[in-house]
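K.L.:
Residue numbers (our numbering): 31 to 352.
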């Protein structure tokens, strides 16, 4: 599969980081384990290499990175927009565009998708690039998908990612970008589960955080989430914090020819001060967290969402601070 341009989750596993990036490889591994992951595919790292080599971006990227002080914040912030601009209108090779759109059509006609960056140096046991590269939610339509993919490719060169690669000893020229395209779940509730307490380093407790709507509120730090500390074996809640939640992120409703994207809405008054998760949902999240940790063999940072009675796992990465 080393030269494949797109691969489905069911075709890949954790051994395929060089092909699908860390996020994509882990999703494939979870699908193969029978865990509840929304369907999707990965535009591979070889596809990214094909793009930058065919359209001549390699030399232009090298020129902008040449002599760059990767520890200087001002220098990194100055070069980031110039690097990312290279990708905004880059022509995608015909064979690559055709394969991306064929895979998208297999997901469904005009299917809303989440488009997530998946670099080949991320989500490894000793390094986490969480939050340093782009995710675009509720993407609808073929042209919109291609533009979201371009944005993910360009996010290989955020100032944070360049700095972190330098700090971790990764060579910019050796790292590639896969892109995950995953069916968008219209989440009623979303959150993260840490299968070990990352602050107290307690491996017997699971920390679960939850918000109404999409998980962007937690990822962006915009919303203070519900916070639960739960014993992983007995399900006993050792600590619980339920703040007032005034806003939530939701899929944007189509209007005046505009579609896709995310909007911020007020939380209904009857839900602002109540628990996001029921006892049953919390118990199921603990069970799923234990399964994912056992599967990967180390504590995990898991993103999930709930719609109706279904819980979906959106990604999982090792907790690197233990």
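By construction, the Cβ of each residue, glycine as well, lies at the ideal position given by its N, Cα and C atoms.
Using DSSP with H/G/I as helix, E/B as strand and the rest coil, what is residue 251?
P.N.:
DSSP places residue 251 in coil when its eight states are reduced to three.
K.L.:
For residue 142, which of 348, 308, 283 and 99 has the nearest alpha-carbon?
P.N.:
Checking every option, the nearest Cα to that of residue 142 belongs to 283.
K.L.:
Of the residues 324, 310 and 211, which one's Cα is nearest the Cα of residue 138?
P.N.:
Nearest of 324, 310 and 211 to residue 138, Cα basis: 211.
K.L.:
Out of 94, 323, 179 and 296, which has the shortest C-alpha to C-alpha gap to residue 148?
P.N.:
Checking every option, the nearest Cα to that of residue 148 belongs to 179.
K.L.:
Can you look up residue 234 in the DSSP assignment and give me helix, strand or coil?
P.N.:
Note: residue 234 maps to coil in three-state DSSP.
K.L.:
Around the Cβ of residue 267, are there at least 16 other Cβ atoms within 10 angstroms (buried) or fewer (exposed)?
P.N.:
By the neighbour-count rule (16 or more Cβ atoms within 10 Å), residue 267 is not buried but exposed.
K.L.:
Assuming contact is defined by CB atoms lying nearer than 7 Å, are residue 167 and residue 292 in contact in what I supplied?
P.N.:
Yes. Within cutoff.
K.L.:
Between residue 172 and the ligand SAM, is the CB less than 6 Å from at least one heavy atom?
P.N.:
Among the components of this structure there are no ligands whatsoever, and the ligand SAM is therefore not found.
K.L.:
Measuring alpha carbon to alpha carbon, tell me which of 278, 342, 205 and 96 ends up nearest residue 52.
P.N.:
Residue 205 is the option with its Cα nearest to residue 52.
K.L.:
In this structure, how does DSSP classify residue 89 when only helix, strand and coil are distinguished?
P.N.:
If DSSP states are grouped into helix, strand and coil, residue 89 belongs with the helices.
K.L.:
Whose CA, out of 89, 270, 135 and 74, lies closest to the CA of residue 146?
P.N.:
For the residues 89, 270, 135 and 74, the minimum Cα distance to residue 146 belongs to 74.
K.L.:
Give me the Cβ distance between residue 240 and residue 255, rounded to the nearest whole Å; I'm assuming they're in contact under 8 Å.
P.N.:
6 Å between Cβ atoms; contact.
K.L.:
Any idea which residues DSSP pairs residue 183 with across the strands?
P.N.:
According to DSSP, residue 183 bridges with nothing at all.
K.L.:
Can you tell me where the beta strand (DSSP E) with residue 335 in it begins and where it stops?
P.N.:
Residues 330–337.
K.L.:
Do residue 70 and residue 213 have their CB atoms nearer than 7 Å?
P.N.:
For residue 70 and residue 213, yes; Cβs fall inside 7 Å.
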